[in-house]
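Counting in our numbering, the sequence shown runs from 542 upward without gaps.
Ideal placement from N, C-alpha and C gives every residue a C-beta, glycine not left out.
Beneath this line is the structure, given in structure tokens, with notes to follow.
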Amino acid sequence: MLERSRGRLRPLLLLFLLCLVTLALGRRVWADEVLTLEKALALAETHNGQIVAAREQVRQAEAVSRGAASKMGPKLDASVAVIRYNEEPRKAVVGGGGGYIQDSFKETWKAALTLTQILYSGDTLQANLQASRLEAEGLRSQELRTVQSVRNAVCSAYFGFQQARATLVVAEEAIALAAEHKKDAESLFNNGLVAKNELLRAQVALSDAELDRIRAANAVNTARKALERTVGVAFEPATVFPEPLVDLPEFALPELVEAEKKALVFRPELKALESSRGAAEFLARAAAGQAKPQVALEVEASDVGDSFYPDVQDQWKVTLAAQWRLFDSGEVRANVDKARSAAAEVLARMDDLRHQISLEVSTARLDLDSALQRLRVATDQVALAEEDHRMALKRYKAQVGTNLDVLDAQVALTNSRTQLVLAVYDAFQADADLTYAIGDEPLAPMEGDAPVE
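Below is the structure:
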């Protein structure tokens, strides 16, 4: 009997173990998935609070627009009422000997359906509807700019994180150089070829390199947290990132005039302000419509009786009402002036924004041009510093060069590599800023990141 139970449990146990292995492999695959810039941007569009808030604002504006449209349609109301008198209501009979007749029930029930429809509002309802639609359109443009702002911030945080990682690689390379020189100095000291102070200087240089590495490692952790904050999610500890770049793909440097023209067409803020201006003009029309006649239709069908459900007397009525305010102490005029002034204000803001866009585009283009120039100089500087360090190291080993020559060459090489890293990611950032200033969708230039040589 026991053997039979074990035989039944064995397939279940194997199935359970297979599930555990599958989950473990799956977690391994998820952990090893590389978080590229494109994936970080996709995560931000889903999880960043600013984007979510902007989308909710658009939904609110769309709901307001639907509400404005509903005011132009018919309304159907159902009502039930009961009226109780302390005595039966009566009214006097005129002529025929006088007396009284029952006017209603002591307890009167009324059930009614009422249909109301505004026939003419002086263009107020139509103008309010158009204004609400334009306001929603303006918020959509603002949402697009919010998305672009978040994407630019993600690019900045991602480039900052990768720059910090590349700087850490440079710091680790500096430790390797300092350790190699310390080993050479120690060998020469043990053979009595150099004084002890040279060995001590080499040890101090190694300690300095280790301090730089600690600071660089802390900068990596800080930049990672900043990236998580910008994206809107916390990364798993096992998240894999592409290796930092050591060179830069070619970036097209657009002509300034063409870039400014493109920005004036693409920037969502201009479209949002244009929508706001149109909405203000429609609000002025809506305010002016309050001075015109208002016409409404009401149709009511009801049943009246002395109990629920009333069915003693059926009746219906149609009411056509028109109202025209002849004097309002200047209220309509004030509302019209306010709306027109708001439209004029938006026009002034649009003109100022055009100048601001021109400044942002020209500044971003100059930054990109400067970063590309720095990149070319830094690339040559690294090659020269590597050759200088190689020669200083050989001269020191041959005892025709000094310890200071090697240490100075190490510092120069580390600085040149650091400057190259800064130039590379400053160029990435400047390109993203130029794209953001123009109003295009930010590019993802980190595709196919190469490991550090």
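Segment limits, alpha helix (DSSP H) that includes residue i
i, result
"Ala842", "Per DSSP, Ala842 belongs to no alpha helix (DSSP H); it is in the beta strand (DSSP E), Gln835 to Gly846."
"Glu815", "Pro809 to Gly830"
"Leu578", "Leu578 to His588"
Span of the beta strand (DSSP E), counted from its first residue to its last, around residue i
i, result
"Asp618", "Lys616 to Arg625"
Residue i - DSSP class collapsed to helix/strand/coil
i, result
"Thr943", "coil"
"Ala775", "coil"
"Lys858", "strand"
"Leu612", "For the record, residue 612 in the displayed sequence is Lys; it is not Leu. Note: Lys612 maps to coil in three-state DSSP."
"Arg631", "strand"
"Tyr661", "strand"
"Trp571", "Reliability of the predicted coordinates at Trp571 is poor, the pLDDT of 37 falling under 50, and no value is obtained from them."
"Lys647", "coil"
"Val887", "helix"
"Ala863", "strand"
"Ala565", "Any reading at Ala565 needs caution, since the residue's pLDDT is 44, under 50, leaving its predicted position unreliable; the model's value is listed next. DSSP places Ala565 in helix when its eight states are reduced to three."
"Thr780", "coil"
"Ala760", "helix"
"Ala652", "strand"
"Ala736", "coil"
"Thr976", "helix"
"Val952", "helix"
"Asp981", "coil"
"Leu794", "coil"
"Leu709", "helix"
"Phe868", "coil"
"Asn852", "The sequence given here places Asp at residue 852; Asn does not occur at that position. Note: Asp852 maps to coil in three-state DSSP."
"Leu913", "helix"
"Ala672", "helix"
"Ala680", "Reading the sequence as shown, one finds Leu at residue 680 and not Ala. In this structure, Leu680 counts as helix in the three-state DSSP scheme."
"Leu729", "helix"
"Leu666", "helix"
"Leu786", "coil"
8 Å Cβ cutoff met for residue i and residue j
i, j, result
"Ala585", "Val772", "yes"
"Ser911", "Lys812", "no"
"Ala760", "Thr708", "yes"
"Leu963", "Gln704", "yes"
"Ala720", "Gln951", "no"
"Ala672", "Ala820", "yes"
"Leu954", "Ala926", "yes"
"Thr587", "Ile624", "no"
"Val691", "Asn589", "yes"
"Gln922", "Gln897", "no"
"Gln658", "Ala837", "yes"
"Ser620", "Ala653", "yes"
"Ala764", "Phe807", "no"
"Val593", "Leu680", "no"
"Arg596", "Glu684", "yes"
"Val859", "Val853", "no"
"Val735", "Leu729", "yes"
"Leu616", "Pro851", "First, the residue type needs correcting, since residue 616 is Lys and not Leu in the sequence shown. Taking 8 Å as the Cβ cut-off, Lys616 and Pro851 do not qualify as a contacting pair."
"Val670", "Ala757", "Note that residue 670 corresponds to Leu in the displayed sequence, not to Val. It is not a contact, given that the beta carbons lie outside the stated cut-off."
"Glu996", "Ser816", "The structure shown does not extend to residue 996, since the chain spans only 542 to 994, so no value can be given for it."
"Ala971", "Val902", "no"
"Pro498", "Arg706", "Given that the chain is displayed from residue 542 to residue 994, the structure contains no residue 498 and the question cannot be resolved."
Residue of the options minimising C-alpha distance to residue i
i, options, result
"Lys647", "Ser848, Leu945 and Ser870", "Ser848"
"Trp865", "Glu721, Gly608 and Gly830", "Gly830"
"Trp999", "Pro851, Ser843 and Ala863", "No information on residue 999 is available, as it lies outside the stretch 542 to 994 that the chain covers here."
"Phe1069", "Val593, Asp967, Thr955 and Thr959", "Residue 1069 cannot be examined here, being either before or after the span of the chain that is shown, 542 to 994."
"Lys802", "Met613, Gln598, Ile979 and Asp618", "Ile979"
"Pro783", "Gln658, Tyr699, Asp618 and Ala743", "Tyr699"
"Ala973", "Lys580, Arg906, Pro778 and Gly846", "Arg906"
"Gly871", "Asn627, Ala832 and Glu886", "Ala832"
"Leu578", "Met932, Thr665 and Val695", "Val695"
"Ser957", "Phe776, Asp929 and Gly608", "Asp929"
"Lys580", "Phe868, Val774 and Arg936", "Val774"
"His722", "Ala971, Phe969 and Thr943", "Thr943"
"Ala583", "Asn627, Asn693 and Lys632", "Asn693"
"Val873", "Glu629, Asn627, Tyr626 and Thr665", "Thr665"
Supposed close pair residue i, residue j - CB separation, criterion 8 Å
i, j, result
"Ala884", "Ala825", "7 Å"
"Val575", "Val781", "5 Å"
"Val514", "Leu656", "Shown here, the chain extends from 542 to 994; a query on residue 514 therefore has no answer."
"Ala726", "Ala743", "4 Å"
"Glu810", "Leu894", "6 Å"
"Ser662", "Gln835", "6 Å"
"Leu916", "Val877", "Incorrect: roughly 58 Å between the Cβ atoms, too far for contact."
"Leu814", "Val887", "5 Å"
"Thr687", "Gln591", "6 Å"
Closer than 7 Å: residue i CB and nearest the ligand MN heavy atom
i, result
"Ile979", "Questions concerning the ligand MN fall outside what the structure shown contains, since it holds no ligand whatsoever."
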